[in-house]
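Protein chains in written order, with the UniProt record's numbering: chain A, 1 to 229; chain B, 1 to 229; chain C, 1 to 229; chain D, 1 to 229.
Glycine included, every Cβ here is placed at the ideal spot set by N, Cα and C.
Protein chains: 4
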Amino acid sequence: MAVESEVVPESVPSLADLDGSRRTPATARGARTRAALVAAARVVFERDGYLDSRLSDISAEAGSSTGTFYTYFTSKDEILQAVIEAAQQDMLHPGTLHLEAADASPIAVIQASNRAYFESYQRNVKMMIIFEQLAGSDPKFRKLRALRGQAFTRRNARAIADLQSRGLADADLDPFLAARALSGMIGRIAYTTYALEEHVPIEELVAVTTRLWANALRLQFDESELEVR
Amino acid sequence: MAVESEVVPESVPSLADLDGSRRTPATARGARTRAALVAAARVVFERDGYLDSRLSDISAEAGSSTGTFYTYFTSKDEILQAVIEAAQQDMLHPGTLHLEAADASPIAVIQASNRAYFESYQRNVKMMIIFEQLAGSDPKFRKLRALRGQAFTRRNARAIADLQSRGLADADLDPFLAARALSGMIGRIAYTTYALEEHVPIEELVAVTTRLWANALRLQFDESELEVR
Amino acid sequence: MAVESEVVPESVPSLADLDGSRRTPATARGARTRAALVAAARVVFERDGYLDSRLSDISAEAGSSTGTFYTYFTSKDEILQAVIEAAQQDMLHPGTLHLEAADASPIAVIQASNRAYFESYQRNVKMMIIFEQLAGSDPKFRKLRALRGQAFTRRNARAIADLQSRGLADADLDPFLAARALSGMIGRIAYTTYALEEHVPIEELVAVTTRLWANALRLQFDESELEVR
Amino acid sequence: MAVESEVVPESVPSLADLDGSRRTPATARGARTRAALVAAARVVFERDGYLDSRLSDISAEAGSSTGTFYTYFTSKDEILQAVIEAAQQDMLHPGTLHLEAADASPIAVIQASNRAYFESYQRNVKMMIIFEQLAGSDPKFRKLRALRGQAFTRRNARAIADLQSRGLADADLDPFLAARALSGMIGRIAYTTYALEEHVPIEELVAVTTRLWANALRLQFDESELEVR
DNA sequence: GATGAATGAGATTTCATTCAT
DNA sequence: TATGAATGAAATCTCATTCAT
Chain A
1 MAVESEVVPE SVPSLADLDG SRRTPATARG ARTRAALVAA ARVVFERDGY
51 LDSRLSDISA EAGSSTGTFY TYFTSKDEIL QAVIEAAQQD MLHPGTLHLE
101 AADASPIAVI QASNRAYFES YQRNVKMMII FEQLAGSDPK FRKLRALRGQ
151 AFTRRNARAI ADLQSRGLAD ADLDPFLAAR ALSGMIGRIA YTTYALEEHV
201 PIEELVAVTT RLWANALRLQ FDESELEVR
Chain B
1 MAVESEVVPE SVPSLADLDG SRRTPATARG ARTRAALVAA ARVVFERDGY
51 LDSRLSDISA EAGSSTGTFY TYFTSKDEIL QAVIEAAQQD MLHPGTLHLE
101 AADASPIAVI QASNRAYFES YQRNVKMMII FEQLAGSDPK FRKLRALRGQ
151 AFTRRNARAI ADLQSRGLAD ADLDPFLAAR ALSGMIGRIA YTTYALEEHV
201 PIEELVAVTT RLWANALRLQ FDESELEVR
Chain C
1 MAVESEVVPE SVPSLADLDG SRRTPATARG ARTRAALVAA ARVVFERDGY
51 LDSRLSDISA EAGSSTGTFY TYFTSKDEIL QAVIEAAQQD MLHPGTLHLE
101 AADASPIAVI QASNRAYFES YQRNVKMMII FEQLAGSDPK FRKLRALRGQ
151 AFTRRNARAI ADLQSRGLAD ADLDPFLAAR ALSGMIGRIA YTTYALEEHV
201 PIEELVAVTT RLWANALRLQ FDESELEVR
Chain D
1 MAVESEVVPE SVPSLADLDG SRRTPATARG ARTRAALVAA ARVVFERDGY
51 LDSRLSDISA EAGSSTGTFY TYFTSKDEIL QAVIEAAQQD MLHPGTLHLE
101 AADASPIAVI QASNRAYFES YQRNVKMMII FEQLAGSDPK FRKLRALRGQ
151 AFTRRNARAI ADLQSRGLAD ADLDPFLAAR ALSGMIGRIA YTTYALEEHV
201 PIEELVAVTT RLWANALRLQ FDESELEVR
């Protein structure tokens, strides 16, 4: 159920669908070079930011020449997509684990999801900042940013509707809008905490956001359910 | 009380404190030119985006020469500060009006604040996108972004604590963190709606966010209070 | 007799002859403003160098506005001329005093002249550097630089020829070329000492240069004449 | 022995020690391009002067694009260093030849050195003017200017001290200061003749300066030694 | 596949000088 | 006379991308 990162939404679109990558390495050596470039790009982007990074720095960091870059990517844009893709995987993956337990209480699921989200956000904060930033100027990334949110929101909306139909959640809420608002709340407080560096211990973040979700949906719960793991 | 835009927080910091603008106009003519440049900058930024805008376009839009720009500003950065400053004023101001009514119910105040916030966000969405974007790369703007949020959060935290002390709100919530999460929720859904252009009628936004606030704080309210204005 | 700075050569050309200064102040207030500008220019030139100085800085230093500058001067070039003129006066003036004593021995005159030259060079070193520098790029100043040297050389050549005719100096020397070489020696060692900052006590400079002059011309002298003043 | 240009002083510092050039060509093609830029820079500097030259002119003269300039140099300053370096080599080199003859008389050595100096100064006069000019404003070049003079002075001082110890030169002269003054005399008269264009046949320059050196040091010599080559 | 040199469009920035008040 | 705002030509410098080796 519930938060943005809950489950890997099969519908989250891949940037790979949008572009035509220049080439898939044919040889093992080529695959190694390509992987080195992607890894180097993340290092450079995190160090210098996307706009202030230079392709030559990425090549250098990867130990290859400028020309080699163009063997695998057509633009800076394209390698960024590869890097974001990888970061997304990490953002989405962890949630799945916790949520397989089908018999978990709604509260427990929300709590686990929130925690997983904050942990992965923290790991990927630099790339999240860059992603957010690009969404501000490049329509392609803005679209992608929107799609990601929508996928989460749709799934959470389904979960909320389910709880409503079982009489467990406030029936007067529009499930889709509520999902959007509450997912956004999680995303934003993660941004504030890790991107704007207003440090708060993760346990407190988990506690307060889980309680707010529960209250906002008018879920019935026992105080013990909100205790720290 | 309550949401991010509730009241003009006297403590919201001005960028003017941070920079030493090149020159303050000594004559009325100078003041006119400077104002024309700021207005032109907003037009150009909204039209072309911050990064793709050129100083020469701003000068041209203002009807002056490139050199004149440098009479009043040292960089694109600096004039952006002036533009954001103006946008902030507009973001912060409207809320005040509604909230003077001391006898308004908490729900009514939240509702009015939310509406005012969404309206002003819509008016300034292009600049908000740019501001968000810059906060991602420039520490100066990031700091400012953080300070703005803090000012709102602090005030809302005070309001929540007040409601708690009167026995009206969930006493188990940390008022400061709750304020941060709920303020963020409003800001983020405004971003999604207007910046990412996932259109939702403002009445629905107001309705759902107000109900979520009320639920989240466990305020007692009558359904009629949540009816559209 | 002798060194570059010996006597105010009536023939040293003034820059005023070359240009048409914009205007001579008609009022006392105007004269004051003009004087303030010249003084300010020297301060700014010495502080920032000629090329890196801005007219606006000169105006500001003088306490007037940029526009006022053009009431008295037509260009940066022109005010530099005024400043150099003033410095030249100081370079040339001191020598006269010592040399009026017609019965002084040649050695004593050379010694006094050298000392006077080093002292005034030290006072005006910053402007000398600027003058030398301008001579490197601007034909007008190069011409002036040459004329100044020539005036000194001509006079010193006359003195050398006089000594030769009296049988006191090496008759095999071309008086004009010798004068040029020996005057240049003084000028250059002053440059090295004060402009390139290779510090040597002035007494040592005076002693060695005077002895070299005496030797070079094969003047007969008593060691006691070379003792420090 | 003796004049500024006598021997290649192994201690003359290279500017290459001071800077970190942008890139050292890795291929022959790169080396060719870099060399073409340095040659073009000298042409442009001599034609237009340093201050009035534009980087784009250097690139054009070298037959490459503006961007290529920045592949090898970071600034006009930096390429000037390379050009001066080359000119210095030419200034310093010629003297060596003449002086190998260990049995040459002191007078003959001085004479040959002076001639070599004047000849190389004439070849490089435009660059010497520029160097002198830059020394007036840029501390880096001023330092270099000073170091060059010092290297010559030190060596000449050694030669003078040697002559003194053999009883051949005036023992009352401080060898270091005398060397500085006499080296400077040569440098300055070369400047006057070639930079300020006060034309004097080189034979006369050699004759008068050699005689002045000999006299100044009180060397014993036969008139025949001073005859033109 | 890999290399690294070459390209060049175009934005920023300066400041002497003019001019309306 | 004094003011100070306005002007605008012109030069530097960057770096994604291409291409010959």
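Straight-line CA distance for residue 99/A to residue 217/B? At residue 99/A, the pLDDT of 44 sits below 50, so the modelled position is not reliable and the matter cannot be decided from this model.
Could you have a look at residue 75/B and say whether DSSP puts it in helix, strand or coil? coil
Buried or exposed: which applies to residue 10/D, given that a residue is buried once 16 or more other Cβ atoms fall within 10 Å of its Cβ? Residue placement at residue 10/D cannot be trusted, given a pLDDT of 42 that sits under 50; what the coordinates show is reported in the next sentence. With fewer than 16 other CB atoms across the displayed protein chains lying within 10 angstroms of its CB, residue 10/D is exposed.
For the alpha helix (DSSP H) holding residue 106/D, just list the boundary residues, first then last. 106-123
For residue 142/C, would you say it is in contact with chain D, using Cβ-to-Cβ distances shorter than 8 Å as the test? It does: the Cβ of residue 142/C has a partner Cβ on chain D nearer than 8 Å.
Using a Cβ cut-off of 8 Å (strictly closer), state whether residue 221/D contacts chain C. no
C-alpha gap between residue 207/C and residue 69/B, whole angstroms: 60 Å
Excluding the five sequence neighbours on either side, which residues of its own chain have a C-beta within less than 7 Å of the C-beta of residue 175/A, listed in chain order? Counting only Cβ-Cβ distances below 7 Å, and skipping sequence neighbours, we find 157, 160, 161 and 164.
Straight-line CA distance for residue 192/A to residue 127/A? Each residue's CA atom was taken as its position, placing residue 192/A and residue 127/A some 15 Å apart.
At a cut of 8 Å, does the region 79-86 of chain C reach the region 38-46 of chain C through at least three beta carbon pairs? yes
Per-residue contacts from residue 129/C into chain D (C-beta, under 7 Å): 136
Is the CB of residue 215/D under 8 Å away from at least one CB in chain C? yes
Reference residue 215/C; option with closest CA among 76/C, 33/C, 153/C and 110/C: 110/C
Of the residues that make up the region 149-174 of chain D, which ones have a beta carbon closer than 8 Å to any beta carbon in chain C? 149, 150, 170, 172, 173 and 174
Output yes or no for whether 8 Å exceeds the beta carbon distance between residue 209/A and residue 180/A. no
Would you say the region 166-174 of chain A touches the region 218-228 of chain A, given that touching needs at least three Cβ pairs under 8 Å? yes
Does residue 212/A get closer than 8 Å to chain B when you measure Cβ to Cβ? yes
Where residue 84/B meets chain A, residues with beta-carbon distance less than 7 Å: Under the 7 Å cutoff, chain A gives no residues; its nearest Cβ is about 14 Å from residue 84/B.
Test item: CB-CB of residue 131/A and residue 142/A under 8 Å: no
Could you check whether the Cβ of residue 74/D sits closer than 8 Å to any Cβ belonging to chain C? It does not; no Cβ of chain C falls within 8 Å.
Quick one, are the C-beta atoms of residue 30/D and residue 185/C less than 8 Å apart? no
In the UniProt domain "HTH tetR-type" (31-91) of chain A, which residues sit with their C-beta less than 9 Å from some C-beta in chain B, listed in chain order? 49, 50, 51 and 52
With three or more beta-carbon pairs closer than 8 Å as the criterion, would you say the region 53-67 of chain A touches the region 62-76 of chain B? no
With the cut-off set at 8 Å, would you say residue 149/B and residue 133/A are in Cβ contact? In this structure, residue 133/A does not lie closer than 8 Å to residue 149/B by Cβ.
Using 8 Å as the threshold, is the C-beta distance between residue 92/B and residue 58/B below it? No. Outside cutoff.
For a contact defined as C-beta to C-beta under 7 Å, what are the partners of residue 218/B on chain A? 215
Along the region 178-201 of chain C, where does the CB come closer than 9 Å to a CB of chain D? Name the residues. 178, 180, 181, 182, 183, 184, 185, 186, 187, 188, 189, 191, 192, 193, 195, 196, 197, 198 and 200
Measuring only the C-alpha atoms, how far is residue 24/B from residue 140/B? 22 Å
Is residue 155/B closer than 8 Å to residue 187/A when the C-beta atoms are compared? no
Which of the three DSSP states is assigned to residue 162/C in this structure? helix
Could you tell me the distance, in whole angstroms, from the CA atom of residue 55/D to the CA atom of residue 26/B? 39 Å
Check residue 230/C in the structure and name its three-state DSSP category. One cannot answer for residue 230/C here, as it falls past the ends of chain C, which runs 1 to 229.
Indicate whether at least one CB of chain B lies closer than 8 Å to the CB of residue 227/A. no
What does residue 204/B reach in chain A if we use C-beta pairs closer than 8 Å? 174 and 177
Contact list for residue 145/B against chain A, beta-carbon separation under 8 Å: The contacting residues are 196.
On the DSSP letters alone, give me the boundaries of the alpha helix (DSSP H) that residue 218/D sits inside. Here residue 218/D belongs to no alpha helix (DSSP H), and DSSP marks it neither H nor E.
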